[in-house]
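Worksheet for the structure shown next.
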Amino acid sequence: MASHLGTRVLRGPNWDQGDEDGGEGHVGTVVELLSNQRVRVLWDTGQESTCRAGTDGKFDLRVFDTAQIGVRHPGTKCKECGEQNVYGVLWRCNECTGCDLCSLCYQDDKHDLRHQFLRIDFPGCEGQAVKKRKTSVKIRTLGMFSGAKVKRGRDWMWGEQDGGVGSEGEVKGYENVAPDSSRNLVRVQWSNAGPINSYRLGFQGHVDLVCVEEDLGPFYYRDHLAPLDVTKTVTTAATPDATTAESAALSGKDSSEDERGSKPNSTKRDETKERANGELSFAAGDRVAIKVGQDKLKQLQETYGGCTRGMIKAIGSTGAVTEVTSRGAVWVRFKSSRYRINPAALHKVFELTEGATVRIRPNEDEVKILNSRVGWKDNMAATLGKVGRVLKIDNDGDALISFGRQHFLFSPACCLPTPGASVDSLTLQSGPKDVTKDKAVTPQPMEGNRSSSNSKEGRGDPSELLGAICEGDHVTVRRLCQADRSLVECEHSGLTPLMLACSRGQREVMQVLLDVGADVNHRIGGSKTPLGAAMEGKNEDMVELLLACGADPWFRDHKRHTYAHIAAYFNLPLALQALAASGLDVNAKDDFQDTPLHLAISKRKDASVAALVGMDCIDLCAKDRHGFGVLHQASMRGYSRAVELIVQKDKSQVNTFSHGTAPLHMAANDDHDECVRMLVLHGGADINLHDKAGASYTPLHLACIRGKFRSAEALVELGADVHVRDISGDTPLHLSIGGREVRDLDSEAGQLESHQRVAMACMLITKGAYVDVENGSGRDPLDYGVRPVRDGVKKFIKHNPSLVKRKGRESQTGIQHLGISSFDPKGRGELKEALKGVGLPCGLCGTPKSDVTLQPCQHKCVCSTCSDKVTRCPLCEEHVTDKVVTGPDEQTLDLHGCKQM
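Using UniProt numbering, the final residue of the sequence shown is 901, and nothing's skipped along the way.
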C-alpha cells in the first residue's frame, strides 16, 4: 500500500488518550504520517490526536475502512449487495464456498452470524480468522455519516460555497464510486438551500469538513478490525495479549448482562413513579443531568450504545437535549460532545430564578451525584426534601439556597421548583462549612459560602485563596500566601493562583503573587501558562506586565502556536504589539504552516489583522500550507477589510499567482464583489489579467462561468473587457449563458441560478457584448446553456433591440433599409430623426405596434399598457415630458423582416 493517508480509523487496543477521540465508536481520518511509526488523526469532531501505529509494538488505532485509499479486491463480488470488486476490507466466510461480503454487509449482520469469517485486508492476503459475530462485541459508529451536521474544516479551500464562515450543512451520503477509490467524498446540502456539493473525507489525506453534530453510522465488530500498523504493507490481527484482554472484557460484559436480567422491582417502581411525574418525559431543548453513578450508568447504557468516558465525566454537569429518537433514546449535548443516553439515567433540570422557592430532591445518593461538581458535606443531608429560597445564582448556574440562617450551594439539578411553598428553617450545631472548595470549576465567591477563619492558625485555605483572587482581595491573598508559601503554586481545576488572577484580570492580585514568588513561566500540562491565561481572559494590560516581569515569549503549544497566534486568535492587538516589541517572531508558522496573520484572517479578527499588517516586520508574502499568501486568503474568504489593509500597506502581491490564480480571480470566483472593488480601486489589480491555471480565464470569465452576478457586475462597472476571450475563444457572454457548472434546474437552487445567468447575460449585452460572436468551435453564445437561460436571453434581445450589438453586422434591424449607417455619430443622429413617428415595437414588452408617441423626442416606441412605466425613451433615452396616444400607424417598422408595412 503506497500510503495510509485517508484511512478511516477508530480507537484501538492500546488507546490511552481518554476521550480525545470523542469516545468509543467515534470515527477519524489519518491526515499525516509522522516519524517513529506515528500518525496524526483528525477526528470527525475536529479534535486531533497523535497516535502510535506500530511504535514499540503499540497500536492506538483500528482500521475502520480503507476504501478511501483505493484498496479494492478485483474479481470479487459481495454476495449480499452485489458490489463488484469490493472496496476496503473483504470478509470471506470460512465455512461456505464463494461467500464474500463487503464491510457494510458484514457489519450489518448479513449471512449466518454463527459462521467464522476471514478478514482480507488487501488483495492477495491469506486472510486472518476472526471470532464469530454471534459472540463478539458490536459497537455503533458516530461521525460524518448521513444526517450529520457539518461546517467547513481544516482543509477547506472552496471559498464561500457553503454560504460563508459559520454556515452549516447536512451530509446526504457518499459520492459515487470513483475509478480508484470509494467513500472518500461526501455530499452536503448547505442550509442556505444551495446546491448539493461533494467534499473530501479522506481523499489524498484531506478532510474539508468538521462535524457540528455527529450522526449514527454503521455498526462494527471491535475485535474483528485490524490495528493500524504503518510498519507493514499488510496489517495483521491484534496481538495475542490484546486479544486475550479483550476476550476477558467480553466475558465480563456477558456476566453483567446475566445480572441485568434480575433488576429489582423497586427500581422499576421508582422509574414508573418518575414517569408519572414527567421526569422521564423529554423534548428537544430540555436541560438535563445524569442522575446515576458510573456503575449504574454503564448498566443502563448497555442497550443504548454503551457508556463512554465522556459520559462519565459529564456526571454532575447540565446538558441540553438535542433530539429524542422514536425508540426513546435521548441525545444530550454536554459542552462540545453529544451522547445517546437512556432516559432512565436522566433528570430534568429546571430553570431557577433568584427569590424563588425550591425543594431539594429527597434521594441522598442522587443528590450527591447531581451535586458532585459542586461538592457535598455531611450536614447537607439535613436539606434533603426541604424547601429553601434561592438567594443568588452564580456564573456557573449554581444556586445559593437559604434555609433560614443556613446557606448551601447546590447544582440546579438538585432543585425542584415549589412556587408559594413555605421555607424550612434548619438549625445545625455548627454553621455550614465552605462547599465551594469542592467545586470543580473556578469558584464564584458568594455570601455565606466561605468560613471567616482558617482551620489552622497560620495556615492558608486554598478555597479561601481562590475566592480572594476572584474578588480581587489582594490583602487577603498576600496574607494567605505569606502564611503558607505552598499556596503560591497550588493547582485548582487546572489553574495556579497566578493563572486565575491573569484570566480574571486582577492586576493587583497578580502583582502580589509575583511579589511573593509565583513563577511567571509555570506550566500545567505543557500548555497552560500565566501569559496564555491572560490572553484567554482577554486582559491585554496583563500581557505587557507579565512580559516585563520575565514571561518567556517564545512558548509554543502542542500545535506549535506561538503567543502571537494565540493573541491573534483572541483579537488582542495590544498584546500583539507587546509581543513584537519583546522580540517574538510574528511571522512564525504553526504545524499547519499558518502565520498569526493567516490565522487572524481565517477567523476574521479585524483588530488583530490591523495590528499585524501595520507592523514593519510583517511578511505579507508568507504562504500557508496550501501555498496561498495572506492577500489570496483574504480575497478567497471575502474579507474585504483585510484586503483593504493589505493593499494599502503593499500592492506587490495584487497580481501574483497562487495555484495559477491571482487574488482578483479568487474574489470574482466566489462573488466577493467588495473585495473585487478593493483590489481594483485601491490595489491597482489588472482587471483583465488571464490566469495560469490552463484555461486563460480573466476574473470576468470566472464570475460568468460560476454564475456570480455581483462580482461580474462590479468587474464590468470597473472597466472589464466584455469581449475578452479565454483559451477556447469563449467570451464572458458564452460562459454566462452556458456556464460549465450549470446544475439541476428542477431544484430551487437551480432555478435561482437560471435567473442569475439570465440577468448576467442581459447585463453584458447592455454593456456592449456581441450576441453573435463565435468562439474557437464556431459557436455563438446562444448555442450554449440550458433552455430556460437561452429563452430568457432571447426574450431580452427581442424586446430590447436598441441595446443589442452584433459583431458581424452591428445594426438594429431595419437601419440598413432606411439607408443610414449607425457606425458613426452622424448616422446615429440621422437614425433617431428618421424614426420619429415610425411605429416601432414596444421597447418594454415587445408588442409589434406601439400606439403612444413620446415627447419631446417624438418616437413611437411604447404601447399604452407600458406607457405609465416610461420615464426615458427606450430608443434615444431622452427624458419624457409628455405621452400622446396616437394609435397604430401604417408606417410601422418590422424589426425582424426589415421592411415597412
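Note that beta-carbon positions come from the ideal geometry of N, C-alpha and C, so glycine has one too.
Near residue i, which residues of its chain fall below 7 Å by C-beta distance, leaving aside the five closest residues on each side in sequence?
i, result
"I737", "R757, A761, P781, L782, Y784, G785, V789, R790 and V793"
"K603", "Y569"
"R478", "V512 and V516"
"R8", "V27, T29, F64, D65, Q68 and G202"
"V230", "H4, L33, Q37, V39, A53 and G54"
"Q577", "A611"
Is the CB-CB distance between residue i and residue j below 8 Å?
i, j, result
"L384", "V367", "yes"
"G12", "L346", "no"
"D670", "E160", "yes"
"Y87", "R183", "yes"
"D691", "H672", "no"
"V188", "V207", "no"
"L409", "V374", "yes"
"V520", "G472", "no"
"T353", "R389", "no"
"S411", "D398", "yes"
"V349", "A284", "no"
"A548", "P573", "no"
"T886", "D851", "yes"
"K110", "E80", "yes"
"R92", "L113", "no"
"H598", "V630", "yes"
"Q116", "N94", "yes"
"C861", "L840", "yes"
Taking the DSSP output, what are the residues bridged to residue i?
i, result
"H565", "In the DSSP output, where bridge partners are listed per residue, H565 has none listed."
"A289", "T318 and H347"
"A53", "F59"
"F408", "I401"
"S728", "BP columns for S728 are empty, so no partner."
"C93", "F117"
"V786", "In the DSSP output, where bridge partners are listed per residue, V786 has none listed."
"H879", "R872"
"V86", "In the DSSP output, where bridge partners are listed per residue, V86 has none listed."
Straight-line CA distance for residue i to residue j?
i, j, result
"G627", "A600", "17 Å"
"A749", "E351", "42 Å"
"D19", "L10", "12 Å"
"H224", "K291", "35 Å"
"V212", "Y174", "18 Å"
"S3", "Q37", "13 Å"
"V771", "D650", "40 Å"
"L34", "S336", "28 Å"
"R625", "K589", "10 Å"
"G683", "V654", "6 Å"
"V884", "T871", "14 Å"
"A468", "H474", "7 Å"
"R361", "P419", "15 Å"
"G217", "G694", "41 Å"
"G6", "Q204", "6 Å"
Measure from the C-beta of residue i to each C-beta in chain D and report whether the shortest distance is under 8 Å.
i, result
"W15", "Chain labels in this structure do not include chain D; a single protein chain is all it has."
Between residue i and the rest of its own chain, which residues show a CB-CB distance below 6 Å, the 5 nearest in sequence each way excluded?
i, result
"A518", "V488 and L498"
"A533", "M499, C502 and S503"
"D16", "none"
"T595", "N587, K589 and A622"
Under three-state DSSP, which class holds residue i?
i, result
"Y639", "coil"
"F117", "strand"
"N587", "coil"
"S336", "coil"
"F219", "strand"
"T325", "coil"
"K296", "helix"
"Y106", "helix"
"A769", "coil"
"C857", "coil"
"S696", "coil"
Please indicate yes or no: does the CB of residue i lie closer than 7 Å to some heavy atom of the ligand SAH?
i, result
"V512", "The ligand SAH is not part of the structure shown, which contains no ligands of any sort."
Grab me the residues of residue i's own chain with a C-beta within less than 8 Å of its C-beta, minus the 5 sequence neighbours each way, in chain order.
i, result
"I524", "E491, G494, L495, T496 and M499"
"N342", "L300, Q301, T303, Y304, A329 and V330"
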